[in-house]
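Just so we're aligned, residue 1 is where the sequence shown starts under UniProt numbering, counting upward by one.
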Amino acid sequence: MSPTAPASARAATYDELLALARAGGLGPDPAGLRISVAFTTRQAVRHEGRGTGYRNEVLSLRLAEAVGSCAVEPGALPDGAVEDCVGADVARLLGHPLPPVRVAALDAYLMHVTPHTPENGARPVALPAGTSLEKSRVRAEAVTGLLGLPPGSTVLVVGVVNSLLEALRSRGLRYIPCDLKGGVTEWGEPVVTDALAAAGRCDALLVSGMTLGNGTFEPLREHALRHDKQLVMFAQTGSAVLPRFLGHGVSAVCAEPYPFFWLDGGPGTVHRYRAGRPGGAR
Numbered sequence: 001m002s003p004t005a006p007a008s009a010r011a012a013t014y015d016e017l018l019a020l021a022r023a024g025g026l027g028p029d030p031a032g033l034r035i036s037v038a039f040t041t042r043q044a045v046r047h048e049g050r051g052t053g054y055r056n057e058v059l060s061l062r063l064a065e066a067v068g069s070c071a072v073e074p075g076a077l078p079d080g081a082v083e084d085c086v087g088a089d090v091a092r093l094l095g096h097p098l099p100p101v102r103v104a105a106l107d108a109y110l111m112h113v114t115p116h117t118p119e120n121g122a123r124p125v126a127l128p129a130g131t132s133l134e135k136s137r138v139r140a141e142a143v144t145g146l147l148g149l150p151p152g153s154t155v156l157v158v159g160v161v162n163s164l165l166e167a168l169r170s171r172g173l174r175y176i177p178c179d180l181k182g183g184v185t186e187w188g189e190p191v192v193t194d195a196l197a198a199a200g201r202c203d204a205l206l207v208s209g210m211t212l213g214n215g216t217f218e219p220l221r222e223h224a225l226r227h228d229k230q231l232v233m234f235a236q237t238g239s240a241v242l243p244r245f246l247g248h249g250v251s252a253v254c255a256e257p258y259p260f261f262w263l264d265g266g267p268g269t270v271h272r273y274r275a276g277r278p279g280g281a282r
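Structure follows, in structure tokens:
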């Protein structure tokens, strides 16, 4: 069977999806489900042979067998946020004042309702054991392989990952790197900070799921939908959320639930989804 988006009630926007989940329109009543474990993962990395590194901080919530996650800027999560989530019912967290908590709670809930299985439209891609750089490059190939573009096309990359930029170059694609932190890439290329302003100069968008937590996802989804551009999401944040937008501006998702590739050297799995297949996004 060809992979498709998970079947669900229709929701065209993130806010609509959040409201449907709170109302129990996507599965069991979230008021009757509680978060058993909440935790943050902090890491700093500089791959061997690379001149620059980066830091990550991720909030994760466990609901039964599922873990939902949302990345945040390091240090941005207030003290006490983790403790506030433990033992809380999912409905309350879906209305939490902190956007990353809402995203992680929705991700955990949807992971619980529609896990990454072939029946729900996921196509698994194995990540072999290896160094952090080796695993990063394999993941980058899985992500960039979801783009259907001729050589010479330009891709807006929102959330700069050097391995993704390498993989795009190997496919003969140009790119505009974008990140709220700005700066330069490993190769000295300037990083723009306004994704929407740069989107008009690009043929397709390759976007981090982290945009769900910082509020920049919806404008990019709307741009892709309005201009009929490919929007491919690489998602550690919201890996179970973003497949719900296939056919609503999102063309493909490479979903990577916790634990992420950078956490250990053993084998792992990412899950690819595409829109426009038989029985596709609903």
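Cβ coordinates follow ideal geometry from the N, Cα and C atoms, glycine included.
Query: Where His227 falls, given that 16 or more other Cβ within 10 Å makes a residue buried; Result: exposed
Query: Closest by C-alpha distance to Lys135, when choosing among Glu256, Arg274, Ala275, Tyr273; Result: Glu256
Query: Assigned exposure category for Arg42 - 16 Cβ within 10 Å defines buried; Result: exposed
Query: Beta-carbon separation (whole angstroms), Leu146 vs Val155, contact threshold 8 Å; Result: Actually they are not in contact, since the Cβ atoms of Leu146 and Val155 sit about 11 Å apart, beyond 8 Å.
Query: Whole-Å CB distance - Val158 paired with Cys178, under 8 Å assumed; Result: 5 Å
Query: Member of Pro259, Tyr273, Glu65, Gly209 whose CA lies at the smallest distance from the CA of Tyr14; Result: Gly209
Query: Unbroken stretches of the alpha helix (DSSP H), 4 residues or longer, contained in the region 66-113; Result: 81-85, 90-94, 99-113
Query: Every unbroken alpha helix (DSSP H) inside the UniProt domain "Putative heavy-metal chelation" (147-253) [4 residues or more]; Result: 162-170, 195-199, 211-214, 217-227
Query: Same chain only: Cβ atoms within 6 Å of Gly183, ignoring 5 sequence neighbours per side; Result: Val191
Query: Per DSSP, cross-strand counterpart(s) of Val143; Result: Answer by DSSP bridge pairing: none, since Val143 is not bridged.
Query: Sub-9 Å separation of Leu98 and Pro78 beta-carbons; Result: yes
Query: Inter-residue spacing [alpha-carbon to alpha-carbon] between Glu189 and Gly213; Result: 26 Å
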